[in-house]
Amino acid sequence: MSHHKPIVIVGIDLAGSPRRPTGICVLKGMKARTQVVYRDEEILSTVAQVKPDLVPIDAPLNLPNGRKTIHDRNGEHLRECDRELQRRKIRFFPITLGPMRMLTERGLALKSEIETMGLRIVECYPGAAQDIWEIPRQHRDLKGLLRGLKGLGIKGLTSQITSDELDAVTAALVGRWFLLGRGEMLGGAEGILIPKNRLKPISMKGKKN
18 MSHHKPIVIV
28 GIDLAGSPRR
38 PTGICVLKGM
48 KARTQVVYRD
58 EEILSTVAQV
68 KPDLVPIDAP
78 LNLPNGRKTI
88 HDRNGEHLRE
98 CDRELQRRKI
108 RFFPITLGPM
118 RMLTERGLAL
128 KSEIETMGLR
138 IVECYPGAAQ
148 DIWEIPRQHR
158 DLKGLLRGLK
168 GLGIKGLTSQ
178 ITSDELDAVT
188 AALVGRWFLL
198 GRGEMLGGAE
208 GILIPKNRLK
218 PISMKGKKN
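Under the numbering used here, residues 18 to 226 are what the sequence shown spells out, in order.
Structure (structure tokens):
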């Protein structure tokens, strides 16, 4: 019998405003439990209760060089991780663009709170992961994304799951791959976490994972 502790990830698909739904996925091993929340307090409560090994969040967690705040008009528009997405021909929204500024502010505030808990939070981009895994993004084919995540081994997903929850599941799975050695940080330690390749997750035979 294995005595290995399962890897636990909390993936978050953060909305820019608490008036819009945020998807959360608690991924224990390969079993997902998802929910939709709105307020920061709900997000932080879930993270505090679960105490995950990693918190991948779909929100910018650092600013371009030369900018002191997201509203600062000076400095770069793109970060090094954004430039790497460009080089790989992965579509994204620059964080200085309109609604992305609100998302960045909220992401940075949550990062501070989660790090205060002694937990690691990393920026993740579900759309990039879905492109790398060659499964549909949610706005193109929601059912196809659901099938794709199930095909990658995720358990516990239902046909009623929302697009926000599926992106949170994606973020959580990327976090799991990272802890198993199959992730990379674009732009360095403070960049964007993506999966390394299209291979199926590492087999952990004989281990409870």
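Quick reminder that beta carbons are idealized off the backbone N, C-alpha and C, glycines included.
Being a predicted model, the structure only gives us computed values, none of them experimental.
(message) Using the three-state DSSP reduction, which class does G33 fall into: helix, strand or coil?
(response) Position 16 of the sequence shown, counting from 1, holds the residue named residue 33. Under the three-state reduction of DSSP output, G33 falls in the coil class, being neither helix nor strand.
* Spatial distance of M18 from M134 (CA atoms) -> Taking the sequence shown and counting its residues from 1, the one referred to as residue 18 is at position 1. Taking the sequence shown and counting its residues from 1, the one referred to as residue 134 is at position 117. In this prediction, M18 has a pLDDT of 39, which is less than 50 and means its spatial position is unreliable; what the coordinates show is noted afterwards. Each residue's CA atom was taken as its position, placing M18 and M134 some 32 Å apart.
So what's T179 in DSSP terms, helix, strand or just coil? Position 162 of the sequence shown, counting from 1, holds the residue named residue 179. Coil.
Q. DSSP state of L203, grouped into three classes?
A. As a working note, residue 203 is residue 186 in the sequence shown. Reduced to three states, the DSSP call for L203 is strand.
Item to complete: Just the C-alpha distance for F109 and A65, rounded to the nearest angstrom, thanks.
Response: Counted from its first residue, the sequence shown places residue 109 at position 92. Counted from its first residue, the sequence shown places residue 65 at position 48. Whole-angstrom Cα-Cα distance: 30 Å.
**Where the beta strand (DSSP E) through G40 begins and ends** = Here the question's residue 40 lines up with position 23 in the sequence shown. Unbroken beta strand (DSSP E) run through G40: 39-45.
* May I have the straight-line CA-CA distance separating N214 from E58, to the nearest angstrom? => Looking up residue 214 in the sequence shown gives position 197. Looking up residue 58 in the sequence shown gives position 41. So the two alpha carbons sit approximately 35 Å from each other.
Three-state secondary structure assigned by DSSP to H20 | In the sequence shown, the residue the question calls residue 20 occupies position 3. Note that H20 has pLDDT 48, beneath the 50 cutoff, so the model's placement of it is unreliable and the number below is only indicative. H20 falls in the coil class under three-state DSSP.
Residues bridged to Q52 (per DSSP) | As a first step, residue 52 must be located in the sequence shown, where it is residue number 35. Q52 is bridged to I41.
Exercise. Could you tell me the boundaries of the alpha helix (DSSP H) in which P111 lies?
Key: The residue labelled residue 111 in the question sits at position 94 within the sequence shown. Segment: none, P111 is in no alpha helix (DSSP H) and carries neither H nor E.
DSSP has G168 in a bridge; who is on the other side? Numbered from its first residue, the sequence shown carries residue 168 at position 151. Per DSSP, none; premise fails for G168.
So, for H20: in the same chain, excluding its five sequence neighbours on each side, which residues have a beta-carbon less than 7 Å away from its beta-carbon? Here residue 20 is taken as the residue at index 3 of the sequence shown, counted from 1. Confidence in H20 is poor, its pLDDT being 48 and thus under 50, which makes the residue's placement too unreliable to answer from.
| query | Based on the DSSP secondary-structure assignment, which residues constitute the bridge partners of V191? | reply | Walking along the sequence shown from the start, residue 191 turns up at place 174. Note: V191 is not bridge-paired with any residue in the DSSP secondary-structure output.
Checklist entry - Smallest Cα separation from L136: which of R164, Y142, L95, L127? => result Taking the first residue of the sequence shown as 1, we reach residue 136 at position 119. With distances taken between Cα atoms, L136 lies closest to L127.
(Q) So, does the segment 180-190 touch the segment 111-127, judging by three or more C-beta pairs under 8 Å? (A) Counting Cβ pairs under 8 Å, fewer than three are found: no touch.
* What is the DSSP secondary structure of E101, counted as helix, strand or coil? -> By one-based count along the sequence shown, residue 101 stands at place 84. Helix at E101.
#### Entry: CB contact flag (I74, I138, <8 Å)
The sequence position of residue 74 within the sequence shown is 57, counting from 1. The sequence position of residue 138 within the sequence shown is 121, counting from 1. Yes.
### Outcome for D181 when other beta-carbon atoms lying within 10 angstroms are tallied against a minimum of 16
Taking the first residue of the sequence shown as 1, we reach residue 181 at position 164. Under this definition D181 is a buried residue.
Assigned exposure category for S220 - 16 Cβ within 10 Å defines buried:
Stepping through the sequence shown from its first residue, residue 220 is reached at position 203. Here S220 scores only 40 on pLDDT, less than 50, and its place in the model is too uncertain to base an answer on.
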